[in-house]
Amino acid sequence: MKYAISDSLIITKRQLLQLIRVPEVLIFSTIQPVMFVLLFRYVFGGSISTGIPGVDYVQLLMPGIFVQTVAFTLAGTAVGLAEDMQKGLIDRFRSLPISRSAVVFGRTLGDGALNIVVLAVMGLAGFAVGWRPSSGFLNVLLGFAFLLLFGFAMAWVGV
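Quick note: to get the working numbering, add 2 to the position in the sequence shown (first position is 1).
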């Protein structure tokens, strides 16, 4: 078990280094959700009513876009693992004395780290367009933690 965790952390480090070396993945992962926020806030926002007196559209928009963005994690994980398999990297990992689950677990942990960055940028974008969570700071942090767990689960679906 000890080796499985350390092997997974090594694969996670590889995943994070790959994000640094290929910044397009990080840029695309953060720009697309921000574009959704701007699109749905300013293009469609004027034509959609919440139906709840005193509740602005952006208060309902942001949680939906948070969940949508984290759910898209499964595509990134699936495509990344498929590319690794196509390039023969998974076969090379199989020949090493590492835990079999380390490759998948490390990949999902790396995608979870990407989700942290994306959620932070989206939170700032939401704040810029008028999103003001009314449930308190601790509940917002718990909501983000739940989103990260959901993203982790969706990454496993992508495997």
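Every residue gets a Cβ at the ideal spot worked out from N, C-alpha and C, and that includes glycine.
With distances taken Cα to Cα, identify the nearest neighbour of residue i among the options.
i	options	result
serine 8	Gln34, Ala73, Gly108	Gly108
valine 39	Gly128, Lys89, Leu140, Leu143	Gly128
tyrosine 44	Gln17, Ser101, Asp58	Asp58
leucine 41	Arg23, Val60, Ile29	Val60
Quick check on the burial criterion: 16 or more other C-beta atoms within 10 angstroms. Buried or exposed for residue i?
i	result
arginine 96	exposed
asparagine 117	buried
proline 35	buried
leucine 140	exposed
serine 101	buried
methionine 124	buried
leucine 98	exposed
Is the beta carbon of residue i less than 8 Å from the beta carbon of residue j?
i	j	result
alanine 115	isoleucine 13	no
alanine 77	glycine 160	yes
glycine 153	threonine 75	yes
threonine 79	alanine 6	no
valine 119	leucine 28	yes
glycine 112	leucine 11	no
tryptophan 133	methionine 64	yes
Legend entry - the segment 147-159 in contact with the segment 64-81 per 3-pair CB rule at 8 Å: With a cut-off of 8 Å, the segment 64-81 and the segment 147-159 count as touching, because enough Cβ pairs lie within range.
Legend entry - Ordered list of beta strand (DSSP E) runs contained in the segment 47-71, each at least 3 residues: Counting only unbroken stretches of 3 or more residues, no beta strand (DSSP E) element lies wholly within the segment 47-71.
Legend entry - Length-filtered (4 minimum) alpha helix (DSSP H) runs lying within the segment 90-133: Counting only runs of 4 or more residues that sit fully inside the segment 90-133, the alpha helix (DSSP H) segments are 91-97, 104-130, in chain order.
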